[in-house]
Every structure is written in C-alpha cells, then in structure tokens.
Amino acid sequence: VCREWEARASGVDKKVRLVLIRIGVVLGKDGGAL
1 VCREWEARAS GVDKKVRLVL IRIGVVLGKD GGAL
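At position 5 of the sequence shown the residue is numbered 5 (full-length UniProt numbering), and the sequence of numbers has no breaks.
This is how it looks when you write it as structure tokens:
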C-alpha cells in the first residue's frame, strides 16, 4: 500500500515540495498502542 501511494504522490508537479512520511504503530498483545 505504501509503495503504491508513494508512486502516485511522486507524480505531482516538480515545483511542489513533496514530503513522504511513513509511520507505524506497534500494538501490544493485550491491546493498545505502545
């Protein structure tokens, strides 16, 4: 999913600054985010 989205986003006008950020959320085995 990330690669497809980034490939589409990189097609923007070259005059526009493009910043791609990948974040991840780690989930605990008992539920909730760590």
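Glycine included, C-beta positions come from ideal geometry on N, C-alpha and C.
Give the range of the alpha helix (DSSP H) segment to which residue i is assigned.
i, result
"Ala-7", "2 to 9"
Measuring alpha carbon to alpha carbon, tell me which residue in the options is nearest residue i.
i, options, result
"Val-1", "Ile-23, Leu-18, Lys-15 and Arg-17", "Ile-23"
"Val-19", "Leu-27, Glu-6 and Ala-33", "Glu-6"
In the DSSP output, what is residue i paired with across the bridge?
i, result
"Leu-27", "Ala-33"
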